[in-house]
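Residue numbers (the working numbering), protein chains in the order written: chain A, 1 to 194; chain B, 1 to 71.
One structure is given below, encoded as structure tokens.
Structure (structure tokens):
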């Protein structure tokens, strides 16, 4: 497994292919514990550097999406469109429909202040001031623009009855060689095996 | 905004390890892991988020300096 990983590191890939490759290693479970956070953290750190020019809030959301993808709870199409929406330039003008990055609050831009911040009115009626990079424009034709809240909801739904609509990621299956190695280590010290 | 492939290519395993270790306390094995084989991930606190911002800014600064040196 280690050899395959070291060989694989040298291959040039697109960003999505890289995330898919990390996801495939998560599924192979090369470690006894913490496979999820190991591979998700690699994705998170890479994305953080890759989108270094994003405002921090957007960068963090992009990294979180990538980590969820690697952990197997989001599909590829979803993260591509969600990251694309995070990459949109925040040129907002009065009247634009907007939502917060998490998608939990929507509203309308009231005016743009001279320092670049925007005044916006949430649908609840509250008037708020925000940095434009902390808001996303809502396109009229695209009411279901992916957002982070949608991502977390996706991640929480596990069964068809709860609204989980995707095909499941392949089951996490430890490589036979890794299994044998760990069993040998365990049997040296205990009577346990896996 | 442009994507910074040049910075992503310079991310080192040590940087990933630093992030992974900083998150480790959020992964709770007990009380369920011994019985079910499933642990849980607790939400990050505001102090965790503030520290993550500091680490991220420091890492990007370091990567940017490295990229400038290589250019």
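We put the beta carbon where it would ideally sit given N, CA and C, even for glycine.
Quiz prompt | Identity of the residue in 81(A), 10(A), 73(A) and 181(A) nearest residue 26(A) by Cα | solution = Residue mapping note: residue 26(A) aligns to position 26 of the first chain, counting from 1. Nearest of 81(A), 10(A), 73(A) and 181(A) to residue 26(A), Cα basis: 73(A).
Quiz item: Buried or exposed: which applies to residue 4(A), given that a residue is buried once 16 or more other Cβ atoms fall within 10 Å of its Cβ?
Solution: Taking the first residue of the first chain as position 1, residue 4(A) is located at position 4. With fewer than 16 other Cβ atoms within 10 Å, it is exposed.
Quiz item: Is there contact here, the segment 39-56 of chain A with the segment 91-98 of chain A, by at least three beta-carbon pairs under 8 Å?
Solution: Result no; under three Cβ-Cβ pairs closer than 8 Å.
Self-check item: Cross-strand partners of residue 27(B) (DSSP beta bridge)
Solution: Reading the second chain from its first residue, position 27 is the one you call residue 27(B). Paired residue(s): 41(B).
Quiz item: What residue from 131(A), 190(A), 101(A) and 106(A) has the CA that sits closest to residue 121(A)'s CA?
Solution: As a working note, residue 121(A) is residue 121 in the first chain. With distances taken between Cα atoms, residue 121(A) lies closest to 106(A).
Quiz item: Does any CB atom of chain B fall closer than 9 Å to the CB of residue 48(A)?
Solution: Numbered from its first residue, the first chain carries residue 48(A) at position 48. Cβ-Cβ to chain B under 9 Å: yes for residue 48(A).
Practice problem: Can you pull the chain B residues whose beta carbon is under 8 Å from the beta carbon of residue 11(A), in chain order? | Solution: Numbered from its first residue, the first chain carries residue 11(A) at position 11. Simply none; closest approach about 13 Å.
Quiz prompt | Cβ shell of residue 42(B) (< 7 Å), same chain only, five flanking positions each side left out | solution = One-based indexing of the second chain puts residue 42(B) at position 42. If we look at residue 42(B) and ignore the five residues flanking it on each side, its Cβ neighbours are 26 and 28.
Self-check item: Own chain, CB closer than 6 Å to residue 71(A), minus 5 neighbours either side, in chain order
Solution: Translated into the one-based positions of the first chain, residue 71(A) becomes position 71. Counting only Cβ-Cβ distances below 6 Å, and skipping sequence neighbours, we find 36 and 40.
Quiz prompt | Straight-line gap, residue 112(A) to residue 67(A) (C-alpha atoms, nearest Å) | solution = Translated into positions along the first chain, residue 112(A) becomes position 112. Translated into positions along the first chain, residue 67(A) becomes position 67. Taking the CA atoms as reference points, residue 112(A) sits about 34 Å from residue 67(A).
Quiz item: Taking 9 Å as the CB-CB limit, is residue 190(A) close to chain B?
Solution: Here residue 190(A) is taken as the residue at index 190 of the first chain, counted from 1. Output row for residue 190(A): interface = no.
Practice problem: Pick helix, strand or coil for residue 67(B), following the three-state DSSP scheme. | Solution: Here residue 67(B) corresponds to residue number 67 of the second chain, with the count starting at 1. Correct three-state label for residue 67(B): helix.
Exercise. Grab the span of the alpha helix (DSSP H) containing residue 182(A) for me, first residue to last.
Key: Position 182 of the first chain holds residue 182(A). From DSSP, the alpha helix (DSSP H) with residue 182(A) extends over 176-189.
Exercise. For residue 129(A), name the three-state secondary structure that DSSP assigns.
Key: To locate residue 129(A), count along the first chain from 1; it is residue 129. Of the three classes helix, strand and coil, the one that applies to residue 129(A) here is strand, per DSSP.
Quiz item: When the Cα atoms are used, what is the spatial distance from residue 126(A) to residue 86(A)?
Solution: One-based indexing of the first chain puts residue 126(A) at position 126. One-based indexing of the first chain puts residue 86(A) at position 86. Rounded to whole angstroms, residue 126(A) to residue 86(A) spans 24 Å at the Cα level.
Exercise. Taking only beta carbons into account, state which residues of the segment 50-78 of chain A come closer than 8 Å to chain B, listed in chain order.
Key: 50, 51, 52, 53, 54, 56, 59 and 60
Quiz item: Count the other CB atoms within 10 Å of the CB of residue 83(B); is the residue buried (16 or more) or exposed (fewer)?
Solution: Residue 83(B) falls outside the range modelled here, since chain B spans only 1 to 71, and no answer is possible.
Quiz item: Using a Cβ-Cβ distance under 9 Å, would residue 44(A) count as near chain B?
Solution: Mapped onto the first chain, residue 44(A) falls at position 44. Closer than 9 Å to some Cβ of chain B, the Cβ of residue 44(A) qualifies, so yes.
Quiz item: Can you name the start and end residues of the alpha helix (DSSP H) that residue 84(A) belongs to?
Solution: On the first chain, position 84 is the one that residue 84(A) refers to. Unbroken alpha helix (DSSP H) run through residue 84(A): 76-87.
Self-check item: Beta-ladder partner(s) of residue 47(A), from DSSP
Solution: On the first chain, residue 47(A) is found 47 positions in, with the first residue counted as 1. Per DSSP, none; premise fails for residue 47(A).
Quiz item: In chain A, which residues lie with their C-beta within 7 Å of the C-beta of residue 8(B)?
Solution: Locating residue 8(B) in the second chain gives position 8, counting from the first residue. Going along chain A in sequence order, the residues near residue 8(B) (Cβ under 7 Å) are 46, 49 and 50.
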